[in-house]
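Only one structure is covered here, and it is reproduced in the block below.
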Amino acid sequence: MDLRAQSKIVKPSLASRWGFRSVLRCVTAIFAVTAYGCATTAVSPPETGVPNTQATTVITGPKNPVELQTASGYSMVPKSFSDLPAWRNTNFNSARSAFLESCQSWSKRDGNKLISTSAPYSGSVSDWMPACTSIQAATDTRMIAKVFETEFTPYFINPTDKQSKLTGYFEPELEVRYRPEAGFSQAVPGIPEDLVRVDPSEFDPKFAKGKVWGRVIEGELEFYPDRKDIIDEPSKALGYASPGEIFYLQIQGSGRLKFPDGRVIRAAFAAHNHKPFVSIARHLIDTGQIQTHQAGMNSILNWMDEVGPQIAQDAMNVNPRYVWFTPQEIKDPSKGPNGAQGIPLTAMASMAVDPRYHAYGAPIFIDTKVPATPGDWRGREFRNLVIAQDTGGAIKGILRGDLFFGSGDDAGGRAASMNHDVAMWVLLPKSVASAMTEAQLLADSADG
1015 MDLRAQSKIV
1025 KPSLASRWGF
1035 RSVLRCVTAI
1045 FAVTAYGCAT
1055 TAVSPPETGV
1065 PNTQATTVIT
1075 GPKNPVELQT
1085 ASGYSMVPKS
1095 FSDLPAWRNT
1105 NFNSARSAFL
1115 ESCQSWSKRD
1125 GNKLISTSAP
1135 YSGSVSDWMP
1145 ACTSIQAATD
1155 TRMIAKVFET
1165 EFTPYFINPT
1175 DKQSKLTGYF
1185 EPELEVRYRP
1195 EAGFSQAVPG
1205 IPEDLVRVDP
1215 SEFDPKFAKG
1225 KVWGRVIEGE
1235 LEFYPDRKDI
1245 IDEPSKALGY
1255 ASPGEIFYLQ
1265 IQGSGRLKFP
1275 DGRVIRAAFA
1285 AHNHKPFVSI
1295 ARHLIDTGQI
1305 QTHQAGMNSI
1315 LNWMDEVGPQ
1325 IAQDAMNVNP
1335 RYVWFTPQEI
1345 KDPSKGPNGA
1355 QGIPLTAMAS
1365 MAVDPRYHAY
1375 GAPIFIDTKV
1385 PATPGDWRGR
1395 EFRNLVIAQD
1405 TGGAIKGILR
1415 GDLFFGSGDD
1425 AGGRAASMNH
1435 DVAMWVLLPK
1445 SVASAMTEAQ
1455 LLADSADG
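Okay, structure coming up:
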């Protein structure tokens, strides 16, 4: 088993060898693509009506607390921390830990660079670093709260359609084997030998920075086929498990592989075939093969055992999306896999968001319900601070989030039971809020 496989990275210098006029035609057609972690998928480029930081969105600051309607069907209203429900009763320790991970990522970047080139707010790295410095010194809940209150201004997100949705995801743990055997017949797919990775921005600045995965055939970059037509290379297997469990591992985007000798490694997301995600649960419900209450992962895995491998595989093939993994040693078992920001996720404090609206690393206060135990569909109140650190193919919209529940069966059961409305307040550094206020005042003056 090759645990060192890496995808090829295509650089501009190879263009003459690999016919990258064809590659760029392909890249132009699919725009920018960003990698994801967990249950995540590539992020499509902004569509018509999605926020444009230059033209459509100016957010009012605390000196001019006027609700601003954007061209994208939502407004952001400056508030005080006393407006946030249960703010004073919040335990900020997990959020602090997650935020410091984002700070560590920013500290490696140019201070003049925006933390996001697509979110309607962002500010430069230097705008966010004072909060990072202050939060590092805060060691108890009261001190942490004081830092956020001093460094940030909360903005209530108010969509015109009032639609919101918060789901959950987790890092599964799979029992695996080093070689195929009964009950462990399918390879956890490692990176194919012919897979290449392209960053469009390296060829022309007009292309957004991102990742595109495919293979080169006769000098042209092509996407891999649908799930049903992909044959994995046994020499690249990270281990062997049941087809159903690997299917759900691919949906989550990463997981922990537990071998009989006690060894545990992480199967971390490496690439996907750029096909759309299709819900197997929805397919089985719509075709009458299961009932709505059987839509959870464990129920569907039991259904697969009952109907046999061929019918189960046919159902899985309805989802054409396919994911490959790379092995990672687990240095800190308390940390989750890397999210789209490229940093480890923190249980109950990292949230996947739509990066067209939210900047990675931004603190977001949420008011929602979460399951106390697996199967608790009613949930209990959860009012807490989380950090935007990941994304996902189904995470589309200003009030759409996916909360990371952690690793293992309990986390998986709770995540599968998570589906509630959510209210959000995004916290912005004072300097960003002030700049937005000035921009709004100038715009109002010009209109007058």
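Per this note's numbering, the very first residue in the sequence shown carries number 1015; after that it's consecutive.
Virtual Cβ for every residue (Gly too), placed ideally from N, Cα, C.
Nothing here was measured: the structure is a model prediction, and the numbers come from that model.
Tell me the rounded alpha-carbon separation between residue i and residue j.
| i | j | result |
| --- | --- | --- |
| Asn1433 | Arg1414 | 11 Å |
| Lys1250 | Pro1341 | 10 Å |
| Lys1444 | Asp1275 | 52 Å |
| Ile1244 | Glu1259 | 17 Å |
| Val1446 | Pro1377 | 14 Å |
| His1009 | Phe1339 | Any property of residue 1009 remains undetermined from this structure, which presents the chain solely from 1015 to 1462. |
| His1372 | Gly1420 | 22 Å |
| Ala1361 | Arg1392 | 20 Å |
| Arg1394 | Gly1350 | 24 Å |
| Val1190 | Tyr1238 | 26 Å |
| Phe1283 | Thr1174 | 35 Å |
| Pro1203 | Pro1248 | 8 Å |
| Ile1149 | Ala1430 | 33 Å |
| Arg1280 | Met1450 | 42 Å |
| Asn1105 | Phe1113 | 14 Å |
| Leu1315 | Glu1234 | 39 Å |
| Asn1398 | Leu1098 | 10 Å |
| Leu1442 | Lys1176 | 22 Å |
| Tyr1262 | Lys1225 | 23 Å |
| Ser1111 | Gly1302 | 45 Å |
| Gln1327 | Asp1246 | 15 Å |
| Gly1125 | Asn1312 | 46 Å |
| Asp1208 | Glu1232 | 13 Å |
| Phe1273 | Ser1448 | 54 Å |
| Lys1127 | Thr1306 | 47 Å |
| Asn1107 | Ala1386 | 19 Å |
| Ile1294 | Gly1310 | 10 Å |
| Arg1277 | Glu1452 | 56 Å |
| Pro1290 | Lys1242 | 14 Å |
| Lys1223 | Arg1123 | 15 Å |
Look at residue i and residue j and say whether their C-beta atoms are less than 7 Å apart.
| i | j | result |
| --- | --- | --- |
| Pro1388 | Gly1353 | no |
| Leu1180 | Gly1269 | no |
| Ala1329 | Tyr1374 | no |
| Ser1119 | Ile1357 | yes |
| Ile986 | Trp1317 | Because the chain spans 1015 through 1462 in this model, residue 986 falls outside it and cannot be assessed. |
| Ala1363 | Ala1109 | yes |
| Asn1172 | Ser1086 | no |
| Phe1170 | Lys1093 | yes |
| Gly1228 | Glu1216 | no |
| Asp1240 | Pro1323 | no |
| His1297 | Val1337 | no |
| Leu1417 | Gly1182 | yes |
| Val1230 | Val1292 | no |
| Asp1435 | Ser1178 | yes |
| Ala1366 | Ile1409 | yes |
By the 10 Å Cβ neighbour count, where 16 or more other Cβ atoms means buried, how is residue i classified, buried or exposed?
| i | result |
| --- | --- |
| Trp1439 | buried |
| Asn1103 | exposed |
| Arg1370 | buried |
| Trp1101 | buried |
| Pro1065 | Confidence in Pro1065 is poor, its pLDDT being 39 and thus under 50, which makes the residue's placement unreliable; the coordinate value appears in the next sentence. Classification of Pro1065: buried, given that the 10 Å Cβ count is 16 or more. |
| Asp1300 | exposed |
| Lys1383 | buried |
| Val1321 | exposed |
| Asp1404 | buried |
| Ser1121 | exposed |
| Arg1031 | Below a pLDDT of 50, predicted positions are generally treated as unreliable, and Arg1031, at 32, falls in that range; the measurement from the model is reported next regardless. With fewer than 16 other Cβ atoms within 10 Å, it is exposed. |
| Gly1411 | buried |
| Ile1132 | Going by the sequence as given, residue 1132 is Ser instead of Ile. Burial call: buried. |
| Phe1396 | buried |
| Gly1407 | buried |
| Lys1198 | For clarity, residue 1198 is Phe in the given sequence; the question names Lys instead. So Phe1198 ends up on the buried side. |
| Asp1423 | exposed |
| Val1161 | buried |
| Val1400 | buried |
| Ala1425 | buried |
| Pro1206 | buried |
| Val1024 | Residue placement at Val1024 is flagged as unreliable, the pLDDT there being 49, under the threshold of 50; the coordinate-derived value follows with that caveat. Buried: at least 16 other Cβ atoms inside 10 Å. |
Which whole-angstrom value describes the C-beta separation of residue i and residue j, a residue pair presumed to lie in contact below a C-beta threshold of 8 Å?
| i | j | result |
| --- | --- | --- |
| Ser1481 | Gln1200 | As shown, the chain starts at 1015 and ends at 1462. That puts residue 1481 outside it, with no answer to give. |
| Tyr1254 | Pro1194 | 5 Å |
| Gln1266 | Pro1347 | In fact, because the Cβ distance is near 17 Å, the residues do not count as touching under 8 Å. |
| Ser1116 | Gln1355 | 6 Å |
| Ile1129 | Trp1142 | 6 Å |
Q. Do the region 1157-1176 and the region 1208-1216 meet, that is, are 3 or more Cβ pairs less than 8 Å apart?
A. no
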